[in-house]
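Keeping their order, the protein sequence lines are chains A and B. The first sequence begins at 1 in this note's numbering and counts up one residue at a time. The second sequence begins at 1001 in this note's numbering and counts up one residue at a time.
There are 2 protein chains.
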Amino acid sequence: MKVLKKIIIPQGFKAAGISCGIKRSGKKDLGLVYSQAPAVCAGVFTSNKVKAASLKVCIEQLKNKEARAVIVNSGNANCFVGKRGVSDAKEIIAALAGEIGVAKQSVLIASTGIIGKPMPLEAVKRGIPKVCGELSKGGLNNFAQAILTTDTFKKAVSLKIKIGAKEITISGVAKGAGMIYPRLQKASPKHATMLVFILTDAAIKKSLLQEALEDSADKSFNCITVDACTSTNDTVLLLANGAAGNKPIIKKGKDCCAFSKGLIYVCETLSQMIIDDAEGATKKIEIVVQGAKSGAEAKSAANAVANSDLFKTAMFGGNPNWGRVVSAIGAAGINMKEEKVEVCFNSQKVFNKGRINPLRNKNLLIVSKVIKVNIDLNEGNSSSKVYSCDLTPEYIKINAEYN
Amino acid sequence: MKVLKKIIIPQGFKAAGISCGIKRSGKKDLGLVYSQAPAVCAGVFTSNKVKAASLKVCIEQLKNKEARAVIVNSGNANCFVGKRGVSDAKEIIAALAGEIGVAKQSVLIASTGIIGKPMPLEAVKRGIPKVCGELSKGGLNNFAQAILTTDTFKKAVSLKIKIGAKEITISGVAKGAGMIYPRLQKASPKHATMLVFILTDAAIKKSLLQEALEDSADKSFNCITVDACTSTNDTVLLLANGAAGNKPIIKKGKDCCAFSKGLIYVCETLSQMIIDDAEGATKKIEIVVQGAKSGAEAKSAANAVANSDLFKTAMFGGNPNWGRVVSAIGAAGINMKEEKVEVCFNSQKVFNKGRINPLRNKNLLIVSKVIKVNIDLNEGNSSSKVYSCDLTPEYIKINAEYN
């Protein structure tokens, strides 16, 4: 696996991003990915029972065999807008399909931005020829810009993997900064605030692609939280167009494994970028729970700490408040005993089975931009890792004034 | 039922509060309640698996038949201090029992304040004769002051009820402002941040007292949340000494019912005072979910909204973001459909089964100090009410700097 320093677009794909006037700021708000050959595709979606209209339509479209294009707008979530939401999404798909000459069935769609406001459909339709006209210019750069909302930087990663005699490329692009607590699952949809698009020129069977994506999402996006709020539009789409000309991956084995490893790397990198851009955050927090009775209990304990406002505000203050760590786990309802728990902050043990060891360096957490919290429950052999961030006045400012 | 304008102490009880030097500020930090006659007592405690030492000892003491005194300190939680926590609590109990001449078995104890610091035992022991010496001065005022930590005001309520030919009194005192999400249950303990002491001169059987307390706690303290963090020391103690001389309440029926009604009023009033004093809050939020498929689903939906940081920051901004309400419910995993949900802010319907009605008065939520959110799921007949507050930069300041 070779991680590239530059973001490249896999063979056979083109992408573009423009401003069509959805955002009052005039920033880019309409992105397009196009595959010259039909691409097999996989997707995982939020488990929120409330679904954005664009998401519902995308899930239906994904049932078709192959995709040729993904149209994405930012600035409007196309969510909570009544029945017109679905028809607006379908009209955008039809307009794009007509413009680039592909079947409507082969166009996927995603939206992110303000909820409860009707999509400015005419503006989007006027933007479609414009964004198609930009495809020839190429790369993922403008596309990655066009899908952002409260994000402060573009999120993308590219890598190459050897499959047999050929080198294939996987590139991923993401947006997300708040309303981040993905609980992704197969086509069982949730308010779009995390969008991820992954493109690869590998030739791979659809079922293997879907399985690899579900596994990768579980090990990456499903392990991050900014604010414990699971969105109604979280969407991860993965398109594979086969343009690299590798011997198609049609069964599990070495090639499938190499592809999966690359995919996990892309998903982990993008999920870290989302945490690095978490709304208002000043610190990144890595929480590892080990010694749990089961994987589910480990995850539950890690999430309980990761989502505790008292813990997150203590981290903002650089306050080594292990008491809030242990208390959050105690409230999670899992197997644990205070007299068996160990807690480390950045490798210093601060709580050892009921005994307290004050931090040697009192300013450790104040100066650290990355805080690692290791918790050993000493109850079993299961572990889990979750990434979170501190809770700051800036987060409140962003979300109290947003509408 | 007659709610009194003044806080009085029920017959046969005395109380006091002094400063013994636990708090560096010199504020009151040691409180005592004393009953001249043995009192039957009931208690409910946090469900957090991590328990403060004082709480563990109190639960054991409560198994004894009767109580004569409750000793409470603030400024130190006696939590996460290793084995000395339990022996410190026992030593305080023994010192008090010796000073006032009662059996050790009849003394209850509670602590609240900083966690992970050993109790300044000598200071407390020096304070015991002093606080006992103040008992003759009487009322609940100094006691109510002595149990506070980050609270900005004293919380107390008194009422009188006719039981047969006699009038009995119930008075309750509480502390609590942060780390508030009580999940109280019978002697199955949780980090002390909510403490409630209720005294009554009624004569009532212990089992009825316990049952009435569990029911009242469920309808009051278990319906409030400040920050979704369930403490390790939440404690509610209820003492009944029979000094009113009423015909003892020994079975369910009219008298028991009248007593329970009074008790619920006391618990509801104290729980509202806690929300009114929620750390950093500028708004009180009442969330009512109706039309749920079951009581558990109604409660789950109400808590999902009440504990959503995105919803709570929107309320701070006075932003009528019903999208965050519906999205939080969608993520709660209960039976609901976007096209059936109705949401009202302060009686104005803003979301009607998928259709949006903008607020007539855009500043409604900005000027309102109390925001009522009514949600009808239209799925069934169950309902639930939960009280919460907005999330503000001040909350973060309090909890980032606290240690």
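Heads up, the beta-carbon is just placed ideally off N, CA and C, and yes, glycines get one too.
Minimum Cβ-Cβ distance from residue i to chain A less than 9 Å
i              : result
residue 1281/B : no
residue 1338/B : yes
residue 1395/B : yes
residue 1331/B : yes
residue 1190/B : Since pLDDT at residue 1190/B reaches only 30, below the 50 mark, its modelled position is unreliable, and the value read off the structure follows with that caveat. Interface residue, yes.
residue 1389/B : no
residue 1319/B : yes
residue 1334/B : yes
Cβ-based neighbour list, residue i, same chain, cut-off 6 Å, excluding 5 preceding and 5 following
i              : result
residue 167/A  : 160
residue 190/A  : At residue 190/A, the pLDDT of 30 sits below 50, so the modelled position is not reliable; the number obtained from the coordinates is stated separately. Counting only Cβ-Cβ distances below 6 Å, and skipping sequence neighbours, we find 46, 47, 48, 230, 231, 232, 234.
residue 1003/B : 1159
residue 376/A  : 290, 291, 342
residue 1384/B : 1289, 1298, 1299, 1302
residue 53/A   : 78, 85, 86, 89
residue 398/A  : 279, 280
Closer than 9 Å to chain B by CB, residue i
i             : result
residue 183/A : yes
residue 3/A   : no
residue 205/A : no
residue 368/A : no
residue 386/A : no
residue 273/A : no
residue 351/A : yes
residue 232/A : yes
residue 79/A  : yes
residue 47/A  : yes
As assigned by DSSP and simplified to three states, the class of residue i
i              : result
residue 359/A  : coil
residue 1374/B : strand
residue 1395/B : helix
residue 115/A  : coil
residue 1132/B : helix
residue 1189/B : Only weak support is given to the placement of residue 1189/B: the predicted model assigns it a pLDDT of 34, under 50, and the question is left unresolved by the model.
residue 1160/B : strand
residue 45/A   : strand
residue 347/A  : coil
residue 1365/B : helix
residue 1313/B : helix
residue 16/A   : strand
residue 327/A  : helix
residue 1153/B : coil
residue 1411/B : Not covered by the structure: residue 1411/B. The range shown for chain B is 1001 to 1403.
residue 967/B  : Nothing about residue 967/B can be read from this structure; chain B reaches only from 1001 to 1403.
residue 379/A  : coil
residue 1177/B : coil
residue 1354/B : coil
residue 1338/B : helix
residue 26/A   : coil
residue 1280/B : coil
Residue i: contacting residues in chain A (beta-carbon distance under 7 Å)
i              : result
residue 1228/B : 309
residue 1399/B : 310, 313, 314
residue 1136/B : In chain order: nothing, as chain A lies at least about 38 Å away.
residue 1392/B : 396
residue 1405/B : Only positions 1001 to 1403 of chain B appear in this structure, which leaves residue 1405/B out of reach.
Neighbour list for residue i in chain B, Cβ cutoff strictly below 7 Å
i             : result
residue 115/A : 1323
residue 179/A : 1310
Residue i: contacting residues in chain A (beta-carbon distance under 9 Å)
i              : result
residue 1363/B : Result: empty, since nearest Cβ-Cβ is about 13 Å, beyond 9 Å.
Other residues of its chain near residue i: CB distance less than 7 Å, five sequence neighbours each side excluded
i              : result
residue 339/A  : 353, 354
residue 1118/B : 1081, 1084
residue 1188/B : Any reading at residue 1188/B needs caution, since the residue's pLDDT is 42, under 50, leaving its predicted position unreliable; the model's value is listed next. Same-chain partners within the cutoff: 1045, 1047.
residue 1335/B : 1293, 1297, 1379
Neighbouring residues, chain A, relative to residue i (Cβ below 8 Å)
i              : result
residue 1355/B : 82
residue 1328/B : 229
Proximal chain B residues relative to residue i, where beta-carbon distance stays under 9 Å
i             : result
residue 166/A : Ordered by position in chain B, no residue passes the 9 Å Cβ test against residue 166/A, which lies about 42 Å from the chain.
Same chain, Cβ closer than 8 Å to residue i, neighbours up to 5 away in sequence not counted
i              : result
residue 1393/B : 1280
residue 1316/B : 1282, 1283, 1390, 1391, 1392
At what residue ranges does the region 1203-1273 of chain B contain a whole run of the beta strand (DSSP E), taking only runs of 3 or more?
-> Those beta strand (DSSP E) runs which fall completely within the region 1203-1273 of chain B and span 3+ residues are 1235-1240.
Uninterrupted beta strand (DSSP E) stretches inside the region 1046-1101 of chain B (no shorter than 3 residues) = The qualifying runs are 1067-1076.
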